[in-house]
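In my numbering, each residue carries its 1-based index in the sequence shown increased by 2.
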Amino acid sequence: MLRSRRHPPLLAEGPPFQRAIAHFNSSSAGRAVTGLTRTLGVPKASVGASAGAPNLVRVTVAWELSWYQWGVDVTDPMRPVLELGKGGEIDQLDAAAKQWNALVGEDGRLRLAGDRAQAR
């Protein structure tokens, strides 16, 4: 069976947001959030679909005076996490990015809110 290059197969197990979080946490972007969390405290976070890119999950991490967004390709674990944007005020974010459905622990690791499996 031939697979379309337009829609590559999902390479990892589990739901897309959880795969994106696992990839994010092991990336340089995840390490940056860990360092910023030590300095700035625990941020707000959201994980959601990236408009116009079906394979990309958008991760938003925001503190009171700064925010960052990254894109995580859930079909290619070898592709680096991409910085999509950053800014100084949470009001600059669109409504979808402010759906705070994720948590960053004191250890700086991202997880979905209510996901006990990732809380370990």
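Built from N, CA and C at the ideal position, the CB exists for glycine as well.
Since residue i sits in a beta bridge, which residues does DSSP pair it with?
i	result
A51	V59
W72	V61 and E85
R113	L105
K100	K100 is not bridged to any residue.
CA-CA distance, residue i and residue j?
i	j	result
G43	A55	31 Å
E108	R40	8 Å
E91	N57	28 Å
G116	Q94	27 Å
A51	V76	11 Å
L114	Q20	8 Å
W65	V74	20 Å
K96	A53	It should be noted that the sequence gives Asp, not Lys, for residue 96. Rounded to the nearest angstrom, the two C-alpha atoms are 12 Å apart.
M80	L67	32 Å
K88	K100	14 Å
P45	W102	10 Å
Enumerate in chain order the residues of its own chain whose CB-to-CB distance from residue i is below 8 Å, with the five nearest sequence positions on each side excluded.
i	result
L112	I23, F26, N27, G32, V35, A47, V49, V61, V63, A104, L105 and V106
Am I right that residue i and residue j are in contact with their C-beta atoms under 8 Å? What's the rounded C-beta distance?
i	j	result
W72	L86	6 Å
P17	V59	The pair is not a contact, with the Cβ atoms about 10 Å apart (cut-off 8 Å).
Report all residues from its chain with a CB closer than 6 Å to the CB of residue i; omit the five preceding and five following residues, and keep chain order.
i	result
S29	V83
A98	G50
G110	V35, T36 and T39
Starting from the C-beta of residue i, find all residues in its chain whose C-beta is less than 7 Å away, skip the five residues before and the five after it, and write them out in chain order.
i	result
L38	none
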